[in-house]
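Q: Under our numbering, the sequence shown has 521 at position 171, and the numbering climbs by one with no breaks. Each residue gets a CB set at the ideal place from its N, CA and C atoms; glycine is no exception. None of these values were measured; they are calculated from a predicted model.
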Amino acid sequence: MPSRKKTAMFASAFFTCICSFVLICVVLATQHWMRSEVRFSGTNSSVTVSLRYGLFSGTCEQFVAAGLQVSEQAFQVADNLSGTKAKSMITAIIVILVLGLLSSLLSSGFTCTNAVSNPYQTFLGPIGVYTWNSLCGIFILIAMILFPASIEESDLSIELAHGCFSFLQTHTKSTHTYGYSYWIMLLIIFLNIASIIIIYFYDHARYSKKKEQERPIENAPKDVILF
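Rendered as structure tokens:
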């Protein structure tokens, strides 16, 4: 059976890993990644399309020049994207987040196992927790980088607006605001770092204690050594 200290430390890390897992599920499920105001000019008037979307679905609203709402509709991101580049970017982000979800799940399993037992395999101990938490953090960081890239390089919001209203003409201006679904990923990275720090403190304390036990002669009094 593990010591109380080990159980407490790994249980704390398990809690942060589970929180990370739940938050990744929230990130994938919610559509508050981006809110964009995309303006188009026509022959007689200008039209503004307000979009709010995530990785799978979203809503779009059309406003005329006077600010009067004309129409509103829901859409599926995959259906509104015609360009291969934009679709590839969204697909890559989804795949990376799923990999992060699996890494977080494995990290939760490793920390739970160590909280209730002493696994014999080295990789099932702190090394495994370091590995899976690091991978999860890296996957989330990549997703945070790729999504803005898809907005700027692939004109994701503009393409989604055209998918909602095909009659739109010349694009003139866009403003983007990242929603809470996007910023939650920053919290996930911090949770992964917290898990690594908790296990590091436990592992460091255990290593120091082990070294002290391996060198009893160095700490013994001289008269004991002579005897």
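(1) Where does Thr527 fall in DSSP's three states?
(2) To the nearest angstrom, how far is the alpha carbon of Leu449 from that of Met494?
(3) How is the alpha helix (DSSP H) around Gly450 delimited, first residue to last?
(4) Does the stretch 535-546 come into contact with the stretch 478-494, if we say contact requires no fewer than three beta-carbon pairs (one atom in each stretch) closer than 8 Å?
(5) Quick one: what does DSSP say Thr357 is sitting in, helix, strand or coil?
(6) For the candidate residues Ile440, Ser391, Ser370, whose alpha-carbon lies nearest to that of Gly404?
(7) From Ser400 to Ser453, what distance separates their C-alpha atoms?
(8) From the DSSP secondary-structure annotation, give me the bridge partner or partners of Ser400.
(9) Return yes when the Cβ of Phe515 is within less than 8 Å of the Cβ of Ile446, no when it is not.
(10) Need the endpoints of the alpha helix (DSSP H) that Thr481 sits in, please.
(11) From which residue to which residue does the alpha helix (DSSP H) around His512 run?
(12) Rounded to a whole number of angstroms, what is the C-alpha to C-alpha distance between Met535 and Ala424?
(13) Rounded to whole angstroms, what's the CA-CA distance from Ala499 to Leu506? Just pull it up for me.
A: Quick look at the numbers:
(1) strand
(2) 14 Å
(3) 434-466
(4) yes
(5) helix
(6) Measuring from the Cα of Gly404, the nearest candidate turns out to be Ile440.
(7) 35 Å
(8) In the DSSP assignment, Ser400 is bridged to Glu387, Glu411.
(9) no
(10) Its alpha helix (DSSP H) spans residues 476-503.
(11) 506-514
(12) 25 Å
(13) For Ala499 and Leu506, the distance between alpha carbons rounds to 9 Å.
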